[in-house]
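What follows is one structure encoded as structure tokens, with my remarks underneath.
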Amino acid sequence: MPKTDKNKHANTPQRILQLLRPVRTLLIIALIFTSLSSLFQLSTIKMAQYFIDDVLPVIESTQDKSTVPAELIEHLKKNVPAVSRMDDSYLTEVVKTIQNFEVPEDIKTQLIKDELSQFEELTDSDISAIMREISNYESAPSVQNKIDFSLSSYFRSIDVRSFVFIVMLLFISYGLTHGAGLYLSVLFGQKVVLNLRMQIFDHLQELSMSFYEDRKTGGIMSWVTNDINVFRMFSSNQLNSFVQNLVMVFGALIGLFFISWKLALVSFCIVPVLGVIVHFLGDSMRKTSRRVQDKLSDISAMLQEIVSAIHIVRSFGMESNESGRFRNENIVTYKAEMKKAQVSSILQPAIQIVVAIGIMAILLIGVNQLANGILQAGQLIVFIAFLHLVSDKGKRLGQTYANLNELLAAGDRLFEFIDIKSDITEIKNPVELADIKGNVTFKNVDFAYDKENLVLKNLNLDVPPGKVIALVGPSGAGKSSMAKLLPRFYDPTSGEILIDGTDIKTASIDSLRAQLGIVPQETILFSTTIKENIAYGKIDAGMDEIINAAKAANAHDFIGKLPDGYNTIVGERGSKLSGGQAQRVSIARAILKNPRILILDEATSSLDAQSEELVQQALEKLMAGRTTFIIAHRLTTIQNADEIIVLSAGEIVQRGTHDQLLNTDGIYRNLYQMQAVETSGDIDQPVKMELTEDTP
């Protein structure tokens, strides 16, 4: 790959960041919510440590009959005078004896008295008092007070209900912030894709015709679908996941450090190893992802080509051949996908193995510290939970990194497309063409598609306003190329084209094309209503104007017979209309635009004899007073042209009226006689010639 290409690819991350600038505020808000949700999730794990180390032991101690809390002994000495001076160990045995009797109340007192007969100092009333105070102490408020007292210093100012409320609030906060983060991330991603799609579409409309003729339609569509879809997936889902996982990993690492800095240092040792793995495999992932995107583009191009020419495929019985071609392309794409999968399959296990080794080392050290009393059980459990987070979220970060390389590969392709410059540019402060007369001049015009092989040579032609000029010649003579220069689909290699004395290169492109009306031989209609197709060149046209244009093109009658009339959807490229119907709608579109200069590429070629006569009359009215260029394939349709220009090999070899040229030996008379022979001498019948548009 050339060095310049590498430099462009190196700038891809910066250019992606530039795409995010218009919605950076939304991104920041989304990331704040995502980060908060991660912090709330980490806080719930940390709360578990407090519960395990502080609250749970207290609850267990209140249920353990083998131990007597010191608070209970103090309580008895304070409230039972008979035991106030009793030894603590002696009183503890009394309490254990009472607590261990789990029998009905009606016999419990007597059994306890019999059991405590060994304690001769105690009377029946003393025993009853002790039993009563034990019962009072073991009531719920006393247990709650003890738990409250035993909570860690951080929570001593609150009670158990507040503790539970805080935990519940953390879970609710996590759910709300997580949901908000997800929604805002999707909103951010969709806005990025919306802006990117519009940027791509606007750029497509600015590119010159050479761009489209050099590329397959499916490949262009892949830019707008496959590559942008990678941006959509990453910005809507992966970016949110990346930030969430990143916060979780760093938060967990900080938590590890506060629990045990020694264990945390051990866990930090795996980070450089992971960095090395990601660095070496990341570049390979980007290259393989780029190849996959390229092959997906090729598949889209092939599929579009086959579908658009399906009638040709079937008429030639080439279904099996096309299936073979498509299968071969699919296999190449499959291999590219598997190559990417191989890199990914190495990246993910490598990360998991390194993390697993680190966790095993930390567990061994942690268990040893627990045995030596350095760590508490709750600390070790939460430490392991944080380690699990680091492992799980770290693995997901690895996957996100792989997805990031897919994004960079798609970005490489998109920015290569965006960097394509149009061959047709507009000067600063261009001239606005308005109220032109229609004088068209070709002055010493040369033109080549590939800058080498000229298809037009030293072309000189001056067309007065309102004149009808017919362009005639064999296939490849330069007729269509000449017509493409006038609306600046291409620019001449040398020479000038003037309208009313103004070089069209100095005019604004919009004002230039506003003065032109084009009716191509291959009818192009959009998949919308007939009304909208007719009004395409004048979108603010009223219904009366649309109907009048349709009548002038002899289209109103057949439109009125359709179920939905002017609101009938014509289908893709006008597929629901016959060839003649679609051509008449196209002519109505040009009539409604009412341009000063017309370019007609055999506009009546698809009409039957009756419709052709009516439309020809409408075109003659339309052409009156307007400069018109007719690309003629059937010479019977141009007999009334003011001047016929005969082209051969890109040069004007004859010019004159129909009668003048017919009486002169040359290409025109030969073409005319050939068509007459092909129609068995009846030159009034239309004859189609196999003449194609000029190509490089």
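Here our numbering is used: the first residue of the sequence shown is 10, the next is one more, and so on. We put the beta carbon where it would ideally sit given N, CA and C, even for glycine. In this text the structure is predicted, and so the values were computed from the model without any measurement.
Output needed for Val195: all residues of its chain with C-beta closer than 7 Å, excluding positions within five of it in sequence on either side, in chain order.
For Val195, where only same-chain residues beyond five positions count, the Cβ hits under 7 Å are Ser245.
Asn467 lies in the beta strand (DSSP E); which residues open and close that run?
It spans Leu463 to Val472 - the beta strand (DSSP E) in which Asn467 sits, taken as one unbroken run.
Spatial neighbours of Tyr192 within its chain, please: CB distance less than 7 Å, with the 5 preceding and 5 following residues excluded, ordered by chain position.
Closer than 7 Å at Cβ, skipping near neighbours: no residue.
Please classify Leu495: does DSSP put it in a helix, a strand, or coil?
It is coil, neither helix nor strand.
Rounded to whole angstroms, what is the Cα-Cα separation between Gly569 and Glu611?
Gly569 and Glu611: Cα-Cα distance of roughly 26 Å.
Within 10 angstroms of the Cβ of Gln23, are there 16 or more other Cβ atoms? Answer buried if so, exposed if not.
With fewer than 16 other Cβ atoms within 10 Å, it is exposed.
Note down the Cα distance separating Pro31 from Arg300, rounded to an integer number of angstroms.
Their Cα atoms are separated by approximately 30 Å.
Leaving out five residues before and five after Ser93 in sequence, what residues of the same chain have Cβ atoms less than 7 Å from its Cβ?
Hits under 7 Å: Lys86.
Closest to Glu415 by CA distance: which of Glu346, Pro439, Phe49 and Asp428 is it?
The option with the nearest alpha carbon to Glu415 is Glu346.
When DSSP labels each residue in this structure, what does Gly569 get in the three-state scheme?
Residue state, collapsed to three classes: helix.
Can you pull the DSSP bridge partners for Asp509?
The partner list for Asp509 (beta bridge, DSSP) is empty, contrary to what the question assumes.
Could you give the distance in angstroms between the alpha-carbon of Gly228 and the alpha-carbon of His642?
Computed Cα separation, rounded: 33 Å.
Can Met311 and Arg334 be called in contact, C-beta distance under 8 Å?
Yes, the pair counts as a contact, with Cβ atoms nearer than the cut-off.
If you run the structure through DSSP and keep just helix, strand and coil, what is Thr515?
Three-state result, Thr515: helix.
For Ile371, name the three-state secondary structure that DSSP assigns.
Looking at Ile371 - three-state DSSP - the assignment turns out to be helix.
Would you decide whether Ser587 is buried or exposed? Buried here means 16 or more other CB atoms lie within 10 Å of its CB.
Ser587 comes out exposed.
Does the separation of the CB atoms of Val579 and Ile548 fall below 8 Å?
It is not a contact, given that the beta carbons lie outside the stated cut-off.
Reducing DSSP to helix, strand and coil, say where Glu652 ends up.
DSSP places Glu652 in strand when its eight states are reduced to three.
At what residues does the beta strand (DSSP E) containing Ile527 begin and finish?
Element bounds for Ile527: Leu525 to Val528.
Is the beta carbon of Ala564 less than 8 Å from the beta carbon of Val594?
Yes, these two residues count as a Cβ contact at 8 Å.
What is the DSSP secondary structure of Asn20, counted as helix, strand or coil?
In the structure shown, Asn20 sits in coil (DSSP, three-state: anything other than H, G, I, E or B).
So, for Ile167: in the same chain, excluding its five sequence neighbours on each side, which residues have a beta-carbon less than 6 Å away from its beta-carbon?
Residue placement at Ile167 is poorly supported in this model, since its pLDDT is 45, which falls under 50; the coordinates still yield a value, given next. Nothing meets the Cβ criterion.
Looking at Pro496 and Leu4, is the spacing between their C-beta atoms short of 8 Å?
The structure shown does not extend to residue 4, since the chain is modelled only from 10 to 705, so the question has no answer here.
Assuming Leu465 contacts Ser490 under a Cβ cut-off of 8 Å, what Cβ separation, rounded to an integer in Å, is found between them?
With a Cβ gap of about 6 Å, Leu465 and Ser490 count as contacting.
How big is the Cα-Cα spacing for Asp519 and Arg224?
Each residue's Cα considered, the two are about 25 Å apart.
For Phe426, name the three-state secondary structure that DSSP assigns.
In this structure, Phe426 counts as helix in the three-state DSSP scheme.
Pull up the DSSP beta-bridge partners for Asp455, would you.
For Asp455, which the question treats as bridged, DSSP gives the partners Ser503.
Can you name the residues that DSSP bridges to Phe638?
In DSSP, Phe638 forms a bridge with Ile478 and Ile608.
Let me know if Glu706 comes out buried or exposed under the rule of 16 or more other beta-carbons within 10 Å of its beta-carbon.
Only positions 10 to 705 of the chain appear in this structure, which leaves residue 706 out of reach.
Which residues in the same chain have their Cβ closer than 6 Å to the Cβ of Asn20, if we skip the five residues on either side of it in sequence?
Excluding positions up to five away in sequence, the list is empty.
Quick check on the burial criterion: 16 or more other C-beta atoms within 10 angstroms. Buried or exposed for Val173?
With fewer than 16 other Cβ atoms within 10 Å, it is exposed.
Could you check if Met177 is buried or exposed, using at least 16 other CB atoms within 10 Å of its CB as the buried criterion?
Met177 comes out exposed.
Under DSSP, the beta strand (DSSP E) around Gly665 begins and ends at which residues?
Segment Glu660 to Gly665, the beta strand (DSSP E) holding Gly665.
State buried or exposed for Met552, treating a residue as buried only when at least 16 other CB atoms are found within 10 Å of its CB.
Met552 comes out exposed.
Just to check my reading of the structure: Phe240 and Leu203 have Cβ atoms closer than 8 Å, yes? What is that Cβ distance to the nearest angstrom?
Between Leu203 and Phe240 the Cβ distance is about 11 Å, and since that is not below 8 Å, they are no contact.
Identify, in the order they occur along the chain, each residue of the same chain with its Cβ nearer than 7 Å to the Cβ of Arg598, setting aside the five sequence neighbours on each side.
These residues qualify, in order along the chain: Asn542, Ile543, Tyr545 and Gly546.
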